[in-house]
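Residue numbers (the numbering used here): 42 to 451.
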Ligand SMILES: Cc1ncc(COP(=O)(O)O)c(C=O)c1O
């Protein structure tokens, strides 16, 4: 048996033994795509979503017209937020909303947090974080006359509790970090870091974009202050689906977000002269909620609740573990380097492999129906969405990478 056949047959065994395998039938498949390895950028649609979207035109929108605002849509930001909180975040109701994009919610929360910390003049962030996080922090710092204290993570370790301890002080207003690193997939030590930030009297905001729906979270138990995340990755909300924000109940009424709009006002239809914020997390909403964009994620959240986050995490770890095993066998001989943790406990649901040829290789992979993504300067990011990705896709995808790197090809 050739090495490639052996990898394929091991993948087939893993799929046959996978208790979540039947969930794959719930997702729309795509002609010509042999391995979709980018569910961490844009999750696949579900069949149920097709019906939900069509039904929405006939039922809620077409039949109820504007009456549906009173009947159901006004509550959608908090009702859907509570569903995300229950299914994925480990948070009790009343602390999570769905609105805007991650970037806009980050802005609102960073501004609300720093403004609540009178006399504190610094925001701590890290240079490896996703661009939007860094840009928002820099923007708010410029707007409010604050300094940004940058943590520079060492390659391969991510932001460590020790680095956070060294960076925070009685000047720190807020620390903003990603829970799962968008490049390496490394999971930061959220409980330890949150404790360190609190000991310095500061607040912590966690970006959960690469965690929600992939890694178990317990934001209430770990006393997270604020969090944001997107819903088009592992929550399969579709392109441009709105984001979620979590604001711990103990901060309600104390933190005030800056984009004061009528939909976050205490009584939107009072058409009052002055802005009076809504009580609770509803205050984070600014304008009319994007109801259509909230539809697809409901189907994925139902699936996640059916399967349970513990099972999803188990499958996710098995998928990334298998991807590493196959990369060691097929790709290490071509000097491909793993830029993600080998330790299951600190690895999210994607891995990154590095090789100087990967920009060109990715373009050819897409032509062949193998779809990972490329992250400069030389990272091939393999995203494995626990309910929709098969072990066979991992095998087929990495075998195609091996074939493209093989010297016998040229
Ligand atoms: C870690 C992280 N934060 C923030 C964002 C930006 O989200 P949005 O485009 O919804 O503003 C992304 C997008 O991929 C991300 O990966």
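Glycine is no exception: its CB is placed at the ideal position from the N, C-alpha and C atoms.
Distance from the Cα of residue 426 is smallest, within the candidate group 95, 255, 209, for 255.
Three or more pairs of CB atoms, one per stretch, sit closer than 8 Å, so the stretch 296 to 307 contacts the stretch 142 to 156. Within the stretch 234 to 263, the runs of beta strand (DSSP E) at least 3 residues long that lie entirely inside it are, in chain order, 244 to 248. Residue pairing by DSSP places residue 285 opposite 139, 270 in a beta bridge.
Residue burial is scored here from C-beta neighbours: residue 146 has at least 16 other C-beta atoms within 10 angstroms and is therefore classed as buried. By the criterion of a C-beta distance shorter than 6 Å, residue 416 is surrounded in its chain by 224, 422, once the five residues flanking it on both sides are discounted.
In the structure shown, the three-state DSSP call for residue 164 is strand. Between the alpha carbons of residue 158 and residue 317 lies a distance of about 21 Å. For residue 82, the Cβ falls inside the 8 Å cut-off from some heavy atom of ligand 1. Residue 219 has 248 as its beta-bridge partners, per DSSP. Contact between residue 206 and residue 168 does not hold, since the beta-carbon distance rounds to 18 Å and is not under 8 Å.
Ligand 1 never approaches residue 333 closely enough for any of its heavy atoms to be under 8 Å from the residue's Cβ.
The same chain holds no residue with a CB closer than 6 Å to that of residue 50 once the five nearest residues on each side in sequence are set aside. Cβ contact annotation for residue 449 (same chain, cutoff 8 Å, sequence separation greater than five): none. Excluding residues up to 5 positions away in sequence, 128, 129, 254, 353 lie with their Cβ nearer than 7 Å to the Cβ of residue 345 in the same chain. Out of 360, 305, 304, the CA that lies nearest to the CA of residue 53 is found in 360.
Taking each of 277, 289, 235, 179 in turn and checking the Cα distance to residue 200, the smallest one comes out for 235. Taking the Cβ of residue 79 as the reference point, every heavy atom of ligand 1 lies at 8 Å or farther away. DSSP places residue 303 outside any beta strand (DSSP E), giving it a letter other than H or E. Not a single heavy atom of ligand 1 lies less than 8 Å from the C-beta of residue 119. Taking the Cα of residue 330 as reference, the smallest distance to any Cα among 340, 376, 239, 119 is reached at 119.
Residue pairing by DSSP leaves residue 86 without any beta bridge partner.
If only uninterrupted alpha helix (DSSP H) runs of at least 4 residues are considered, those enclosed by the stretch 95 to 127 are 108 to 112, 117 to 125. Less than 9 Å divides the Cβ of residue 126 from the Cβ of residue 134. The criterion of a C-beta distance shorter than 9 Å is not satisfied by residue 266 and residue 219. Using a Cβ-Cβ distance cut-off of 8 Å, the stretch 305 to 316 and the stretch 332 to 339 are not in contact, since fewer than three pairs of beta carbons, one from each stretch, lie closer than that value.
Beta-bridge pairing by DSSP links residue 68 to 87. About 7 Å separates the beta carbon of residue 81 from that of residue 275, a gap short enough to meet the 8 Å contact definition. In the same chain as residue 202, and ignoring 5 residues on each side of it, the C-beta atoms closer than 8 Å to its own belong to 230, 233, 234, 237, in chain order. In this structure, the straight-line span from the alpha carbon of residue 116 to that of residue 291 is close to 22 Å. The alpha-carbon of residue 136 is positioned some 8 Å away from that of residue 286. According to the DSSP secondary-structure assignment, residue 292 is paired through a beta bridge with no residue. Taking non-hydrogen atoms of ligand 1 into account, the C-beta of residue 271 is found less than 8 Å away from one of them. The beta carbon of residue 191 lies closer than 6 Å to those of 168 in the same chain, with the five residues before and after it left out.
Residue 178 sits buried, since 16 or more C-beta atoms from the chains shown fall within 10 Å of its C-beta.
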